[in-house]
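Peer 1: In the working numbering, each residue carries its 1-based index in the sequence shown increased by 1.
From the three backbone atoms N, C-alpha and C, an ideal C-beta is built for every residue, glycine too.
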Amino acid sequence: MLVAMIEVKGLTKKFGSTLAVDDLTFIVKPGIVTGFLGPNGAGKSTTMRMILGLDRPTAGTATINGQPYRALKQPLRTVGSLLDAKWVHPNRSAHAHLRWMAASNNLPVARVDEVLGLVGLSDVAGKNAGGFSLGMAQRLGLAGALLGDPEVLLFDEPVNGLDPEGIVWIRKFMQQLAAEGRTVLVSSHLLTEMSLTAHQLIVIGKGRLISDSTVDEFVDRSTKSTVRVRGPRLDALRAMLQQAGIDVIDEPTTNTLIASGASTDQIGDLAAASGLALHELAGHTGSLEEAFMNLTADQVEFHGSASESNPAAQSLEAQS
Ligand SMILES: Nc1ncnc2c1ncn2[C@@H]1O[C@H](COP(=O)(O)OP(=O)(O)O)[C@@H](O)[C@H]1O
Ligand SMILES: [Mg+2]
2 MLVAMIEVKG LTKKFGSTLA VDDLTFIVKP GIVTGFLGPN GAGKSTTMRM
52 ILGLDRPTAG TATINGQPYR ALKQPLRTVG SLLDAKWVHP NRSAHAHLRW
102 MAASNNLPVA RVDEVLGLVG LSDVAGKNAG GFSLGMAQRL GLAGALLGDP
152 EVLLFDEPVN GLDPEGIVWI RKFMQQLAAE GRTVLVSSHL LTEMSLTAHQ
202 LIVIGKGRLI SDSTVDEFVD RSTKSTVRVR GPRLDALRAM LQQAGIDVID
252 EPTTNTLIAS GASTDQIGDL AAASGLALHE LAGHTGSLEE AFMNLTADQV
302 EFHGSASESN PAAQSLEAQS
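1) Look at the Cβ atom of Met-241, then the Cβ atom of Ser-264, and state whether they are nearer than 7 angstroms.
2) Does DSSP classify Val-153 as helix, strand or coil?
3) At the level of alpha carbons, what is the spacing between Ala-21 and Gly-44?
4) Where Arg-57 and Asn-107 are concerned, what is the direct C-alpha to C-alpha distance, given to the nearest angstrom?
5) State buried or exposed for Leu-238, treating a residue as buried only when at least 16 other CB atoms are found within 10 Å of its CB.
6) Skipping 5 residues on each side, what residues in its chain have a beta carbon closer than 6 angstroms to that of Leu-73?
7) Give the DSSP-derived three-state secondary structure of Val-216 in the structure shown.
8) Could you give the C-beta distance for Gly-36 and Ala-199, rounded to a whole number, given that I count them as a contact under 8 angstroms?
9) Is the distance from the Cβ of Leu-282 to the Cβ of Val-230 below 7 angstroms?
10) In its own chain, which residues sit with a C-beta less than 6 angstroms from the C-beta of Leu-155, not counting the 5 before and 5 after it?
11) Which residues, in chain order, sit with a beta-carbon under 6 angstroms away from any heavy atom of ligand 1?
12) DSSP on Leu-147, reduced to helix/strand/coil?
13) Threshold first: 3 residues or longer. Then list the beta strand (DSSP E) segments lying entirely within the stretch 62 to 130, N to C.
14) Please list the terminal residues of the continuous alpha helix (DSSP H) segment that includes Leu-55.
15) Classify Asn-41: buried if its beta carbon has 16 or more other beta carbons within 10 angstroms, exposed otherwise.
16) How would you label Ser-105, buried or exposed, when you count the other beta carbons within 10 angstroms and need 16 or more for buried?
17) Going by CA-CA distance only, name the one from Val-120, Ala-97, Arg-172 and Ile-28 that's closest to Leu-323.
18) Would you kindly work out how many angstroms separate the C-alpha atoms of Asp-85 and Thr-62, rounded to a whole number?
19) Can you have a look at Glu-194 and say buried or exposed, based on whether 16 or more other CB atoms are within 10 angstroms of its CB?
20) Taking the straight line between their C-alpha atoms, what separation do you get for Gln-320 and Met-294?
21) What is the residue span of the alpha helix (DSSP H) that Phe-174 lies within?
22) What separation, rounded to the nearest whole angstrom, lies between the Cα atoms of Leu-148 and Val-110?
This is the structure:
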């Protein structure tokens with residue numbers, strides 16, 4: 002398979018006075034799931050629409066396998082996408098919908114049954130898509146994205162509104178597509194979900210690039226580990242830690258030291274070597290959502306627009 006990838010360079014989009022996407026540059030590589038993360042309004046959908054030739058950039062370029070979308074001869078054979086699952090004609094059956102897509106894109110009709118099988122919709126192929134649940138509509142959208150057996154796939158918030166079972170199914174599905182060597186870009190505003198799905202993580206806020214690294218690097222960098230240390234000889238403990246080059250702050254109300262930059266093992270060993278008793282030694286790692294909130298706290302555009310069903314968006318608001 003030829004090297005399939007998405008390349009975005011200096012990509013910028015203005016809507017009137019709103020700078021929706023601000024000089025974004027990144028590469029999406031094949032063989033792994035790349036997460037595209039940012040709070041609501043960060044510019045994820047606009048970026049994806051520009052990659053897919055649906056929005057015209059104000060500046061910069063987006064290419065797929067080195068070509069802009071509009072230059073692709075048979076676009077569905079190169080790139081599949083799911084931006085909005087509800088665009089299906091409600092009175093058309095799942096099978097008819099895909100058959101129409103296949104015919105209008107010069108794709109073999111035999112592929113329709115194949116993709117219906119891939120997404121687990123074979124049994125409801127003849128049912129009207131209008132009666133589909135959100136989860137089923139998402140599966141139908143995925144089937145459409147896969148119709149041309151493309152090397153590159155873009156999914157915009159594919160797990161929004163799905164039940165836990167549907168979320169796990171989609172997550173595994175994306176990982177399988179990547180394992181087949183495809184280039185997979187999937188957006189979300191939920192860091193925990195992304196950390197379970199993606200290998201690489203591109204984080205944006207207010208249209209700007211905040212971070213581009215592996216998920217593990219991002220988590221290590223963003224979540225601060227601290228250790229709570231308490232003992233009868235607090236002053237001696239503090240002096241010992243400081244001498245070892247460990248950052249210490251006091252939590253006076255509880256007579257506890259909060260150390261950072263060392264593990265519980267290291268601190269326990271140091272205390273033993275100094276003959277200092279410990280009454281408390283507890284590690285704490287900041288949560289992923291905490292890290293994401295800290296990082297994007299000043300990047301959240303909308304206040305008061307988070308949906309009720311979206312706890313992460315609510316906590317993002319509570320933060321600011
Ligand atoms: N068609 C449009 N016209 C005007 N503003 C838009 C349009 N589409 C998006 N925006 C604005 O661009 C910004 C980014 O939106 P969007 O790309 O949808 O973010 P995300 O997908 O990360 O939630 C927001 O401020 C949004 O209001
Ligand atoms: Mg969006």
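Peer 2: Taking the geometry as given:
1) no
2) strand
3) 5 angstroms
4) 26 angstroms
5) buried
6) Thr-79
7) helix
8) 3 angstroms
9) yes
10) Met-49, Ser-82 and Leu-186
11) Phe-16, Thr-19, Ala-21, Gly-39, Asn-41, Gly-42, Ala-43, Gly-44, Lys-45, Ser-46, Thr-47 and Glu-302
12) helix
13) 80 to 83
14) Careful: Leu-55 lies outside any alpha helix (DSSP H) and carries neither H nor E.
15) buried
16) exposed
17) No statement about residue 323 is possible, as the shown extent of the chain runs from 2 to 321 and does not include it.
18) 23 angstroms
19) buried
20) Any reading at Gln-320 must be qualified, since the residue scores a pLDDT of 37, below 50, and its modelled position is unreliable; the value itself is stated next. Between Gln-320 and Met-294, the C-alpha separation is close to 7 angstroms.
21) 165 to 180
22) 9 angstroms
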